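Line by line, the protein sequences are chains A and B. Mind the numbering: the first sequence is residues 9 to 481 in this note's numbering, read in order. Mind the numbering: the second sequence is residues 228 to 531 in this note's numbering, read in order. Think of the CB as a built atom: it goes at the ideal place given N, C-alpha and C, for glycine as much as any other residue. Since the model is a prediction, treat every value here as computed from it, not as a measurement. See below for the structure under consideration.
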Amino acid sequence: MNWRSLFNRFWAIAGAVSVRTKIMGIVLGLVVLLGLGITLQVRAALTHAMTAQLEEQSGSIGHDLAARSSDLILLNDLTALHRLLEETLENNANVRYAFILDAQGYVVVSTFGDEMPVGLLEIHTAEARDHHDTIVIQTNEGLVWDTAVPILEGWAGVVRVGLSDAAMQRVLATVTTQLLLVTVLVSLIGISAASLLTWVLTRPILDLVRATKQVAVGDFSPRLRRWADDEIGDLADAFNQMTEELGRTDELRREREALRRQLLERVIATQEDERRRIARELHDSTSQTLTSLLVGLRLIETACRDCPARGRVSDLRDLAAQTLEEVHNISMQLRPRVLDDLGLAAALERLVAEWQARQKILADVIIHTGEERLPGEIETALYRIVQETLTNVARHARAKSVSVLVERRGQAVVAVVEDDGVGFDVLAAHANGRLGLLGMRERAELLGGSLTVESAPGRGTSVFVEIPLRPES
Amino acid sequence: MKARTLIICLLYLAACAPLPQVEVSGYVNLEDLQPLQPSTAEVRPLRVAVAAVISPKGTVESYTALLDYLGQRLNRPVQLIQRRTYLEINDLIANGDADLAFVCTSAYIVGSEQFGMELLVAPQVEGETVYYSYLIVPADSPAESMEDLRGKVFAFTDPISLSGRVYPTYLVQQLGETPETFFGRYFFTYSHDQAIYAVAHDLADGAAVDSLVYDYMLARDPSLAERTRIIHRSPPFGIPPVVVGPSADPQLRSDLRTLFLNMHQSPEGRLALEAIGVDRFVVIPDSAYDDARLLVEQVNLPIP
Chain A
9 MNWRSLFNRF WAIAGAVSVR TKIMGIVLGL VVLLGLGITL QVRAALTHAM TAQLEEQSGS
69 IGHDLAARSS DLILLNDLTA LHRLLEETLE NNANVRYAFI LDAQGYVVVS TFGDEMPVGL
129 LEIHTAEARD HHDTIVIQTN EGLVWDTAVP ILEGWAGVVR VGLSDAAMQR VLATVTTQLL
189 LVTVLVSLIG ISAASLLTWV LTRPILDLVR ATKQVAVGDF SPRLRRWADD EIGDLADAFN
249 QMTEELGRTD ELRREREALR RQLLERVIAT QEDERRRIAR ELHDSTSQTL TSLLVGLRLI
309 ETACRDCPAR GRVSDLRDLA AQTLEEVHNI SMQLRPRVLD DLGLAAALER LVAEWQARQK
369 ILADVIIHTG EERLPGEIET ALYRIVQETL TNVARHARAK SVSVLVERRG QAVVAVVEDD
429 GVGFDVLAAH ANGRLGLLGM RERAELLGGS LTVESAPGRG TSVFVEIPLR PES
Chain B
228 MKARTLIICL LYLAACAPLP QVEVSGYVNL EDLQPLQPST AEVRPLRVAV AAVISPKGTV
288 ESYTALLDYL GQRLNRPVQL IQRRTYLEIN DLIANGDADL AFVCTSAYIV GSEQFGMELL
348 VAPQVEGETV YYSYLIVPAD SPAESMEDLR GKVFAFTDPI SLSGRVYPTY LVQQLGETPE
408 TFFGRYFFTY SHDQAIYAVA HDLADGAAVD SLVYDYMLAR DPSLAERTRI IHRSPPFGIP
468 PVVVGPSADP QLRSDLRTLF LNMHQSPEGR LALEAIGVDR FVVIPDSAYD DARLLVEQVN
528 LPIP
């Protein structure tokens, strides 16, 4: 229905203004409504009363004239009659005209002199013989109450007197103006009072809005003042309670987060230590032993050129060499010595070269990390991330080429690994909880950095890592 | 729903404060003036003048029946003319502005002498064709004669009235004085019923009035008897006559005389006679007014 949409539109506008404007609008609206209502009512009542009075006055002046003029008419004393009319006009502000007709209806004497407004005689024909008759005429000067009074029951003639409402209209206009002025004055006072009222009401509300915004961005410190013992005061108390609780919860969360981080760091560190220990162990101890074995077998091979067991010794030598290489690889995989000794650049070059040889996928590496070595945990993290990424590429990507880029950018180190493989749905991978990806991200975030994976089916994969050089963890 | 209730409230408000509905009969432009048309009389009416013996309103009440009778018998409209003073009536007759007049005795005396006012008929009241001047005082006044009204307030009627001015002046002159020296204050009421009113309401200490008027008013309002008292009655004078002018149409004069003389013979005529307190009209000779003439001469008032 059209009214509903109109109402909705109205509320959309009216509801959008501030509480202050709403309250002032209501106050103003009420005052204006009251003022206008009273003005109309008073004006109507006044008009009614004054009209009745005017009508009565018309009758009484007419009767007075009739009584005083009867003898004068009978005696045909025109001078006195004229003076009578003039005096009547003078002494009564509302009288606009008066004239006297004889028994035949001819004008004996008139305030219009020798003339008469067209139609004035005919418009009122007094039928009544024993009492007066009043009609209302519309004239160019407003309304006129015209009374006809028979003189000596019409035997001597008729008095006609007309009272205009000009004075009455002036009074009405004055009163109306005054009432409207009072309305305006009270409106102004009302606006001031409403302003004060809204300030008192909205002050605590504005405080609440401000405090809530602060809490929204994580600041749980604001507390509200209880301005009054009303519902808004209760709201302030509830807000304070809630904020305190939130603050406490947030505190707990932070602590837990810190603990978790610590734990993770420790786990990773422990893991790296372990790996280092095992790698070293393998390298120092197991490799040495195997090398010794190789040397011994070589000696046997050299010493026994014609022995029937030469072939077997040769096989054994191959086996030992193979084992040595495997041990070497394991050791490398676990923790490349070169990472600790020469740094990330050298380690990555070695890693990529060996990966390329092993996987038969084209891989190139560009490293611009500068002269200085990066902090140890950053080098480890970056190495592990690149290592994990290459493993994923080998396992899933079916790529033809991979590029690895590590460079220092500003106050951070950036690593990018791109392949031209089949890509994958990153969101799906997250949903499935592929730990490899999560683990890489965790490592980066522990150091205050970030890891982003961009990929889409058919469009290859890019892993983008950024770690700040002054970690803010 | 909210909008609907709002509209209903507004309508209610509007109904509470109605603008007054004034029924307007028409429109006139008060600035649009037109010269007045002079009155056109189709048939010239019979103009009858009545002297101000009683108040104009009283005259209208009393003479309407008689005038209607005349108009009906003559088959022409009759117009009643009144004037404030006796002499004005005389002028009307003299100029031919009135065809017939009921005048006071002194007015006839003056008129007949000055311009030939003619006696047509005279009324007969209680068998007589004479009247008197009554000297009246308030009922509670101790005065017994004109002598006792020395220094008091006196009410005259018309300046040339025989019963209302000439005779009381005669009484004062008999005491060797003039009204100016004798009375404390005097004023003119211009009609006998007003003079009686003045005495009855203690506005004057004494007055002299037409006996016919006094008796007529007493019959109408008996409470007058409680408020006034007659302390002196004059000798008889010729009764106020009905007159015509010297240039009156002889035929009209004759018709009128006949009408008046036969008035008492018809019911409408009798009603008209009763209204003015007259038994019938008769013809009397001019000599009936000689006594009055003598008095007027003797008193010798300046005729205005």
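Chain B contact for residue i (CB, 7 Å cutoff)
i	result
Ile131 (chain A)	yes
Val117 (chain A)	no
Val126 (chain A)	yes
Val144 (chain A)	yes
Asp215 (chain A)	no
Thr182 (chain A)	no
Thr147 (chain A)	yes
Asp4 (chain A)	In this structure chain A extends from 9 to 481, so residue 4 (chain A) is not present and cannot be described.
Leu83 (chain A)	yes
Glu123 (chain A)	yes
Short CB-CB distance (under 7 Å) between residue i and chain A
i	result
Asn302 (chain B)	no
Pro283 (chain B)	yes
Leu233 (chain B)	no
Arg271 (chain B)	no
Val275 (chain B)	no
Tyr254 (chain B)	yes
Pro262 (chain B)	yes
Gln299 (chain B)	no
Arg310 (chain B)	yes
Pro512 (chain B)	no
Tyr335 (chain B)	no
Beta-carbon contacts of residue i that lie in its chain and below 7 Å, excluding the five residues immediately before and after
i	result
Ala355 (chain A)	Pro344, Val346, Leu347 and Tyr391
Arg284 (chain A)	Arg343
Ser514 (chain B)	none
Arg449 (chain A)	Leu459
DSSP-derived helix/strand/coil call for residue i
i	result
Glu282 (chain A)	helix
Tyr335 (chain B)	helix
Pro265 (chain B)	coil
Ile338 (chain A)	helix
Met344 (chain B)	coil
Val364 (chain B)	strand
Ser461 (chain B)	coil
Pro395 (chain B)	helix
Gln306 (chain B)	strand
Arg231 (chain A)	coil
Thr397 (chain A)	helix
Phe472 (chain A)	strand
Own chain partners of residue i with C-beta closer than 6 Å, once the 5 adjacent residues on each side are dropped
i	result
Ala434 (chain B)	Ile363, Ala382, Ala422 and Val426
Leu233 (chain B)	none
Thr399 (chain A)	none
Ser481 (chain A)	Note that Ser481 (chain A) scores a pLDDT of 43, beneath 50, so its modelled location is shaky; the value from the coordinates is reported in the next line. If we look at Ser481 (chain A) and ignore the five residues flanking it on each side, its Cβ neighbours are Gly456.
Gly343 (chain B)	Pro473
Ala106 (chain A)	Leu93, Thr96, Thr119 and Val169
Met373 (chain B)	Leu398
Trp235 (chain A)	Pro212
Counterpart residues of residue i in DSSP-defined beta bridges
i	result
Tyr413 (chain B)	B:Phe381
Glu415 (chain A)	A:His376 and A:Val422
Phe508 (chain B)	B:Pro350
Asp141 (chain A)	A:Ala156
Met124 (chain A)	B:Gln261
Other residues of its chain near residue i: CB distance less than 8 Å, five sequence neighbours each side excluded
i	result
Ser474 (chain B)	Gly323
Val179 (chain A)	Leu54 and Met58
Leu301 (chain A)	Ala328
Asp482 (chain B)	Leu301
Ser513 (chain A)	As shown, chain A starts at 9 and ends at 481. That puts residue 513 (chain A) outside it, with no answer to give.
Glu371 (chain B)	Ile458
Ile308 (chain A)	Val321
Leu305 (chain A)	Val321, Leu324, Arg325 and Ala328
Distance between beta carbons of residue j and residue i, contact taken as under 8 Å
i	j	result
Ala499 (chain B)	Ala292 (chain B)	4 Å
Val470 (chain B)	Val144 (chain A)	Their Cβ separation, rounded to whole angstroms, is 50 Å, which puts Val470 (chain B) and Val144 (chain A) out of contact at 8 Å.
Ala405 (chain A)	Gly429 (chain A)	3 Å
Tyr358 (chain B)	Asp437 (chain B)	6 Å
Glu258 (chain B)	Asn148 (chain A)	6 Å
Contact test: residue i Cβ vs the ligand ZN heavy atom, cutoff 6 Å
i	result
Ala502 (chain B)	The ligand ZN is not part of the structure shown, which contains no ligands of any sort.
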